[in-house]
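For reference, the structure discussed in these notes is given below.
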Amino acid sequence: MTHREIFEWFEKEKEKNTPIYIPEEIFNQITEEIATELVRRFSRDTLLYLPEREIHFFEWLKEKDYDVWEDLWGGVKEEPYVVSISFLPLLIRRFGGFPICDLMNNVNYYFTEEMINPKTSHLLLETLREKYLQNEKLTIAQALLLEMSVAPIDIWHFAYYHQIPISEAKKAVEELVEDNLIVHYKTAEELANFVQF
1429 MTHREIFEWF
1439 EKEKEKNTPI
1449 YIPEEIFNQI
1459 TEEIATELVR
1469 RFSRDTLLYL
1479 PEREIHFFEW
1489 LKEKDYDVWE
1499 DLWGGVKEEP
1509 YVVSISFLPL
1519 LIRRFGGFPI
1529 CDLMNNVNYY
1539 FTEEMINPKT
1549 SHLLLETLRE
1559 KYLQNEKLTI
1569 AQALLLEMSV
1579 APIDIWHFAY
1589 YHQIPISEAK
1599 KAVEELVEDN
1609 LIVHYKTAEE
1619 LANFVQF
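Numbered per my numbering, the sequence shown spans residues 1429 to 1625.
Below, the structure is given as structure tokens:
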């Protein structure tokens, strides 16, 4: 599909006044530029379903950490996995997804580059980038730190993509905090200044 055809498709779907379901073949053609333009064109009350891969992730989360899933989707009056179109630019990223950053009844584990201590991590990050490029094995904590330096991440998506237990991802956070490499903001209020959509 051309850019124009994608925009026309969205216009037709919007007219149905139901959450927009984007088939994977269309979803895979949406670039960051197109996603940004779609958010600009449509009001924030335009709703869409999460992509299939993200729904699989949340079904995994429901099984592995039900309290967090409940915190996110339990009080939703509509069916779960329907979000504002404003999240579209995050959903098209390869390892992106719907950010878990505003939990009210659980500790948040959402990290951005701003939470990395530049004084203690600068040289380490350079070393980790080199190791990554050389395909050398990284510890879980090292991999998490490296990912934080590239894009915002929560530990649930991190655990899912790396196929590790959530408990191991939490231990990695503890290790990074103890080594004074990162700051861990635990509440939605504390994270509000770092979350941008």
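Virtual Cβ for every residue (Gly too), placed ideally from N, Cα, C.
Check, Outcome
"So, with DSSP's three-state summary, where would you put residue 1435?", "helix"
"Go to residue 1477, then tell me how far its beta strand (DSSP E) extends in each direction, as first and last residue.", "1475-1477"
"Can you tell me which residues form a DSSP beta bridge with residue 1582?", "1538"
"Considering only the beta carbon of each residue, do residue 1633 and residue 1583 sit closer than 8 Å?", "For residue 1633 there is no data in the structure shown, the boundaries of the chain being 1429 and 1625."
"Give me the residue from 1579, 1489, 1477 with the minimum Cα distance to residue 1441.", "1477"
"What residues in its chain sit with their C-beta under 7 Å from that of residue 1480, if we drop five residues either side in the sequence?", "1452"
"Hey, how far is the Cα of residue 1603 from the Cα of residue 1490?", "26 Å"
"Provide the residue span of the beta strand (DSSP E) that contains residue 1496, from first to last.", "Residue 1496 -> not in any beta strand (DSSP E); alpha helix (DSSP H) instead, spanning 1494-1497."
"Could you work out which residue in 1559, 1507, 1497 is closest to residue 1530 when comparing CA atoms only?", "1497"
"Go through its chain and collect everything with a Cβ distance to residue 1520's Cβ below 6 Å, but skip five positions before and after it.", "1458, 1463"
"Looking at the unbroken alpha helix (DSSP H) that takes in residue 1471, where does it start and where does it end?", "Neither: residue 1471 is in no alpha helix (DSSP H) and is coded neither H nor E."
"Compare the C-alpha of residue 1579 against each of 1486, 1536, 1543, 1483 and name the closest.", "1543"
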